[in-house]
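Participant:
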Amino acid sequence: AQSVTQLGSHVSVSEGALVLLRCNYSSSVPPYLFWYVQYPNQGLQLLLKYTSAATLVKGINGFEAEFKKSETSFHLTKPSAHMSDAAEYFCAVSGRLTGGGNKLTFGTGTQLKVEL
Amino acid sequence: DAGVIQSPRHEVTEMGQEVTLRCKPISGHDYLFWYRQTMMRGLELLIYFNNNVPIDDSGMPEDRFSAKMPNASFSTLKIQPSEPRDSAVYFCASSAPQGSSYEQYFGPGTRLTVT
Chain D
1 AQSVTQLGSH VSVSEGALVL LRCNYSSSVP PYLFWYVQYP NQGLQLLLKY TSAATLVKGI
61 NGFEAEFKKS ETSFHLTKPS AHMSDAAEYF CAVSGRLTGG GNKLTFGTGT QLKVEL
Chain L
117 DAGVIQSPRH EVTEMGQEVT LRCKPISGHD YLFWYRQTMM RGLELLIYFN NNVPIDDSGM
177 PEDRFSAKMP NASFSTLKIQ PSEPRDSAVY FCASSAPQGS SYEQYFGPGT RLTVT
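Here the protein sequences line up with chains D and L, keeping their order. Counted from 1, the first sequence has number 98 at position 98 by the working numbering; the numbering is strictly sequential. To convert, take the position in the second sequence, counting from 1, and add 116; that gives the working numbering.
Laid out in structure tokens, this is it:
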């Protein structure tokens, strides 16, 4: 079974400041991990994914995340926030199951607010 | 590719009416997922299909909800009869065959309002 915990349902940063959104996972099998972003009135869009290659994963819009097995974490970062980054962010985990399908378990989401 | 297509984008209906939501997955994807998103419950997986066959419908809230996938390019989620508590945004997502990258691609959603 897999689960994801996102710490902080709301995060507020100033424009130009570091963005750090936290995600911890639990998985009984080696995980695949994902970050999705949802802008208002839109569907979820994939930001980046970890699939057992490099532990530091780079995604779109300048975001990156680091897989840390010892900490069971997959935190999302961006060096400098932009107003356009304001959105809701979801962390998700999938187990590498054989015959189990591509089912994802999502976290509860973190709303990112960017202030001038 | 056009991505996952959902229709309608908005649906307003009265309690007791039948509602049908439609989804066209990305061509070549053999997994299809239906989710519901509300402020109170967040993003919930309702049901998913593999090669048009329902695999897990444990998230379907009750018998009023049903989903079908008659072919690889079309799926429906039906609510009959609808109730105000069904008001939510319903998303469809698809993903490529198992053993590939596992990520799901989401449609724009259908915003359902039941009055």
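Where is the CB? At the ideal position from N, CA and C, for every residue including glycine.
Counting contacts by CB-CB distance shorter than 8 Å, is S94/D in contact with chain L?
Facilitator: Position 94 of the first sequence, counted from the first residue, corresponds to residue 94/D. Yes, its Cβ sits closer than 8 Å to a Cβ of chain L.
Participant: Rounded to whole angstroms, what is the Cα-Cα separation between G59/D and L21/D?
Facilitator: As a position in the first sequence, residue 59/D is number 59, starting the count at 1. As a position in the first sequence, residue 21/D is number 21, starting the count at 1. Straight-line Cα distance between these residues: approximately 14 Å.
Participant: Would a C-beta distance cut-off of 8 Å place V230/L and D202/L closer than the cut-off?
Facilitator: Counted from its first residue, the second sequence places residue 230/L at position 114. Counted from its first residue, the second sequence places residue 202/L at position 86. Result yes, Cβ atoms of V230/L and D202/L sit closer than 8 Å.
Participant: Show which residues of chain D have a CB atom less than 8 Å away from the CB atom of P200/L.
Facilitator: In the second sequence, the residue the question calls residue 200/L occupies position 84. Residues of chain D passing the Cβ test: none, with the nearest at roughly 21 Å.
Participant: If you pair each beta-carbon of the segment 169-186 of chain L with each one of the segment 219-229 of chain L, do three or more pairs fall below 8 Å?
Facilitator: As far as the Cβ criterion goes, the segment 169-186 of chain L does not touch the segment 219-229 of chain L, which means the pair count is below three.
Participant: Can you tell me the Cα-Cα spacing of I142/L and S191/L, whole angstroms?
Facilitator: Residue 142/L sits at position 26 when you count from the first residue of the second sequence. Residue 191/L sits at position 75 when you count from the first residue of the second sequence. Approximately 12 Å, taken between the alpha carbons.
Participant: What did DSSP end up calling I60/D once you bin it into helix, strand or coil?
Facilitator: The residue you call residue 60/D lines up with position 60 of the first sequence. If DSSP states are grouped into helix, strand and coil, I60/D belongs with the helices.
Participant: In whole angstroms, give me the CA-to-CA distance for E68/L and L159/L.
Facilitator: Because chain L in this structure spans residues 117 to 231, residue 68/L falls outside the shown range and cannot be described.
Participant: Given a limit of 9 Å on CB to CB distance, which residues of the segment 26-46 of chain D reach chain L?
Facilitator: Correct list: Y32, F34, Y36, Q38, N41, Q42, G43, L44, Q45 and L46.
Participant: What residue does the beta strand (DSSP E) around Q6/D start on, and which one ends it?
Facilitator: Stepping through the first sequence from its first residue, residue 6/D is reached at position 6. Start and end: Q2 to L7.
Participant: Could you spell out where the beta strand (DSSP E) holding N166/L opens and where it closes?
Facilitator: For this step, residue 166/L is matched to residue 50 along the second sequence. G158 to N166 is the span of the beta strand (DSSP E), which, as asked, contains N166/L.
Participant: Helix, strand or coil for M83/D? Go by DSSP, reduced to three states.
Facilitator: Residue numbering aside, residue 83/D sits at position 83 when the first sequence is read from its first letter. Note: M83/D maps to helix in three-state DSSP.
Participant: Helix, strand or coil for I177/L? Go by DSSP, reduced to three states.
Facilitator: Start at 1 with the first residue of the second sequence, and residue 177/L comes out as number 61. Note on identity: in this sequence residue 177/L is Pro, with Ile being the wrong assignment. Coil.
Participant: In the DSSP assignment, the beta strand (DSSP E) including A209/L goes from what residue to what residue?
Facilitator: Here residue 209/L refers to the residue found at position 93 of the second sequence. Where A209/L is concerned, the enclosing beta strand (DSSP E) stretches over A204 to S211.
Participant: Within 10 angstroms of its Cβ, does G122/L collect 16 or more other Cβ (buried), or is it exposed?
Facilitator: Taking the second sequence and counting its residues from 1, the one referred to as residue 122/L is at position 6. The residue asked about is misnamed: residue 122/L is Gln in this sequence, not Gly. Burial call: buried.
Participant: With a threshold of 8 Å between beta carbons, is L104/D in contact with chain L?
Facilitator: Counting from 1 along the first sequence, the entry for residue 104/D is found at position 104. L104/D counts as touching chain L.
Participant: 8 Å is my cut-off, CB to CB: does E219/L come that close to chain D?
Facilitator: Taking the second sequence and counting its residues from 1, the one referred to as residue 219/L is at position 103. With 8 Å as the cut-off, E219/L counts as an interface residue toward chain D.
Participant: Under 9 Å, CB to CB, which of the residues in the segment 168-181 of chain L have a partner in chain D?
Facilitator: If the cut-off is 9 Å between Cβ atoms, the segment 168-181 of chain L has I171 and D172 near chain D.
Participant: Assuming A209/L and V120/L form a contact by the criterion Cβ under 8 Å, report the distance between their Cβ atoms to the nearest whole angstrom.
Facilitator: For the purposes of this step, residue 209/L is taken as the residue at position 93 of the second sequence. For the purposes of this step, residue 120/L is taken as the residue at position 4 of the second sequence. Their Cβ separation, rounded to whole angstroms, is 6 Å, which keeps A209/L and V120/L in contact under 8 Å.
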